[in-house]
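Working notes, beginning with the structure itself.
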Amino acid sequence: MLAVPLTAAAQDTQQRTAPPTRYTVTDLGTLPGGNFSQPFFINRYGLVSGSSSLPDGTQHAILWLDGLTGDIGAPGLGGPNSIAFGDNERFQSAGEAETSTPDPNSEDFCGFGTHLTCLPVLWQDGGIF
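Going by numbering that gives the first Met the number 0, the sequence shown opens with residue 0, and the numbers climb by one from there.
This is the structure in structure tokens:
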């Protein structure tokens with residue numbers, strides 16, 4: 000007697016399938032002359048933060064929004080490389096940037112291979128703090 004209700008329940012579960020997930024893939028592009036970019040985060044307004052390469056191989060923190068690209072790594076902290084890891088609903092972006100000062104212990108905390116001092120940064124309203 001128990002086999003009938005279990006079989007009916009199993010058949011009912013099999014008939015209910017979730018609709019396929021729908022999404023859009025968008026190529027965000029690179030900075031002019033760059034050949035690589037990597038997004039790291041997107042907020043609920045569609046603001047994407049990440050990094051993009053330049054022709055000389057350096058990477059700059061970058062924001063993408065509604066088809067527009069903004070290089071927020073320049074002028075930065077005086078070093079060649081930066082990355083934006085995340086953004087929020089206030090359109091602030093957090094990341095890291097190199098200074099032009101060699102790290103006193105020759106560490107490479109930013110991971111760019113330059114061994115320059117790496118600092119956390121906050122970008123807001125066109126400036127890095």
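A virtual CB, placed ideally from N, CA and C, is assigned to each residue, including glycine.
| Asked | Found |
| --- | --- |
| Contacts around residue 66, its chain only, beta-carbon distance under 6 angstroms, and the 5 residues preceding and following it disregarded | none |
| For residue 50 and residue 122, the rounded distance between their alpha carbons | 13 angstroms |
| Neighbour flag for residue 33 against chain D, beta carbons, 8 angstroms | Of the protein chains in the structure, only one exists, and it is not chain D. |
| Environment of residue 97 [buried if 16+ CB atoms lie within 10 Å] | buried |
| Of the listed residues 82, 68, 22, nearest to residue 120 (C-alpha basis) | 82 |
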